[in-house]
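Be aware that the sequence shown starts at 552, since it is given in my numbering, and climbs by one per residue. Some notes on the structure that comes next.
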Amino acid sequence: METIDESNITEMDKPMVEKPELPSASSKVDREDRATVGETMVDDPRMSCRDVNVYYGENHAIHDVNLDIGRNEVIAMIGPSGCGKSTFLRCLNRMNDTIDICRVTGSITLDDEDINHKKIDVVPLRAQVSMVFQKPNPFPKSIYENVAFGPRIHGLADKKADLEEIVVTSLKKAGLWDEVKDRLDQPGTGLSGGQQQRLCIARTIAVGPEVILMDEPCSALDPIATAKIEDLIDELRQQYTICIVTHSMQQAARVSQRTAYFHLGDLIEVGDTDRIFTNPRHKLTEDYITGRFG
Ligand SMILES: Nc1ncnc2c1ncn2[C@@H]1O[C@H](COP(=O)(O)OP(=O)(O)OP(=O)(O)O)[C@@H](O)[C@H]1O
Ligand SMILES: [Mg+2]
């Protein structure tokens, strides 16, 4: 199984520069200013979040977020550093459970099932709602084993031939097959950064996810490798729902159908990506996308 990426658990080390300079987050006027504008709901959502709050000890990191995630859509999460994008993303497959001081309240459903219910086993949940991290993190194993590992531990293939079929299909779907088919027994860590990231995507696909979470999946990649991942995201959308956190507004505009703008733990605005980037309704969104903030 995936382990949490170090870059996600060392955020405490970053200085929290913005929060103290802004007006009190508890004042009523501030909260009204930061109520979500736009279309938070969709018909027939795959996931639904209602009144989601996240706390790290005393730090209230996510405030009353309401958001639906539609089927076969790519939704981009954007906003300045420290606004809670990764924190929110981690709520969607309970990855925040791995952080001791973290507490999540509110309701999050996947196909109408409460993912935080005590009867839910997080291991299959994290296969259904699977995470691709910022830094490609292949296992120190062969290319084949990187992809075969998940299906094997989840018991998805009884026979060797079935496992092989899953590995080949996943590598094809991740757009990596042609580049690796003659060296499946070589180490995954020997691939280029872009290939490693596609290997991690193949590994994710191999366990049969419904939703794929991507936290800045291209930030360690060059423009050519980034373009390949972006093309791949567009193809994967036919079969999966994808939530992508990105610092690149151009990337959000290229790959997503809906965009959610976060600011200091509030979901400020959400709507069709074209509309958000051409006609933002909230001043904070406008400031961010025009480069006045963040
Ligand atoms: N593991 C953690 N322990 C304690 N606080 C955390 C942890 N991770 C994040 N935080 C805090 O939660 C808030 C939101 O952080 P988060 O990492 O979700 O922001 P982000 O929008 O993903 O930022 P970036 O764009 O820099 O990745 C910040 O105040 C951060 O310090
Ligand atoms: Mg982050």
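Every residue, glycine too, gets a C-beta built ideally from N, C-alpha and C.
- Query: Can the beta-carbon of Ile717 be found closer than 8 Å to that of Leu707?
  - Reply: yes
- Given 8 Å as the limit, is there contact between the stretch 638 to 647 and the stretch 685 to 697, that is, 3 or more CB pairs closer than that? no
- Query: Nearest to Cys794 by CA position, among Arg585, Glu761, Ala699, is which residue?
  - Reply: Glu761
- Message: Below 7 Å, is the gap between the Cβ of Gly633 and the nearest heavy atom of ligand 1?
- Response: yes
- Query: Is Ser799 near ligand 1, in the sense that its beta carbon is under 7 Å from a heavy atom of that ligand?
  - Reply: no
- Can you tell me where the alpha helix (DSSP H) with Phe838 in it begins and where it stops? Checking the sequence shown, residue 838 turns out to be Asp, not Phe. It spans 834 to 840 - the alpha helix (DSSP H) in which Asp838 sits, taken as one unbroken run.
- Message: Going by C-alpha to C-alpha distance, which of Met598, Val605, Thr660, Gln808 sits closest to Asp817?
- Response: Val605
- Nearest CA to the CA of Asn623: which residue from Met800, Asp773, Ile763, Arg843? Ile763
- Query: Near Val616, what residues of its chain come up, given a Cβ to Cβ distance below 7 Å and the 5 sequence neighbours on each side ignored?
  - Reply: Cys600, Val603, Phe639, Leu818
- Task: Would you check if there are 3 or more beta carbon pairs closer than 8 Å linking the stretch 835 to 842 to the stretch 649 to 658?
- Result: no
- Query: Can you tell which of Gly635, Ile620, Gly621, Tyr695 has the C-alpha that lies nearest to the C-alpha of Ala612?
  - Reply: Gly635
- Going by DSSP, what residues sit across from Pro596 in a beta bridge? Gly621
- How many Å lie between Ala576 and Glu609 at the Cα? At Ala576 the pLDDT is 43, less than 50, meaning the model places this residue with poor confidence; the figure from the coordinates comes in the next sentence. So the alpha carbons of these two residues sit roughly 13 Å apart.
- Hey, is Asp766 close to ligand 2, as in C-beta under 7 Å from one of its heavy atoms? yes
- Message: Just to confirm before moving on: does the CB-CB distance between Thr923 and Asp619 stay below 8 Å?
- Response: Here the chain comprises residues numbered 552 to 845, so residue 923 is not present and cannot be evaluated.
- Evaluate Ser578 with the Cβ neighbour count: other Cβ atoms within 10 Å of its Cβ, from every protein chain shown; 16 or more gives buried, anything less gives exposed. Residue confidence is low: Ser578 scores 47 on pLDDT, short of 50, so the model does not pin down where it sits. No coordinate-derived value is stated.
- Query: So His705 and Ala725 are in contact, right, with Cβ under 8 Å, and what is the actual spacing, rounded?
  - Reply: Not quite, the Cβ-Cβ distance comes to about 18 Å (not below 8 Å), so this is no contact.
- Item | Between the CA atoms of Asn667 and Asp648 - distance to the nearest angstrom | 10 Å
- Task: Check whether the Cβ of Ser637 lies closer than 7 Å to any heavy atom of ligand 2, and answer yes or no.
- Result: yes
- Query: Can you tell which of Ser770, Asn830, Leu783, Pro675 has the C-alpha that lies nearest to the C-alpha of Lys723?
  - Reply: Leu783
- Task: Would you mind working out which of Asn830, Thr810, Asp825 sits nearest Gly630, comparing C-alpha positions?
- Result: Thr810
- Message: What does the alpha-carbon distance come out to for the pair Val758 and Pro702?
- Response: 5 Å
- In DSSP terms, what Tyr606 is bridged to: His611, Arg654
- Task: Output yes or no for whether 8 Å exceeds the beta carbon distance between Thr792 and Ser681.
- Result: no
- Task: Let me know if Gly842 comes out buried or exposed under the rule of 16 or more other beta-carbons within 10 Å of its beta-carbon.
- Result: exposed
- Message: Helix, strand or coil for Ala811? Go by DSSP, reduced to three states.
- Response: strand
- In angstroms with no decimal places, state the Cα-to-Cα distance between Ala699 and Leu714. 7 Å
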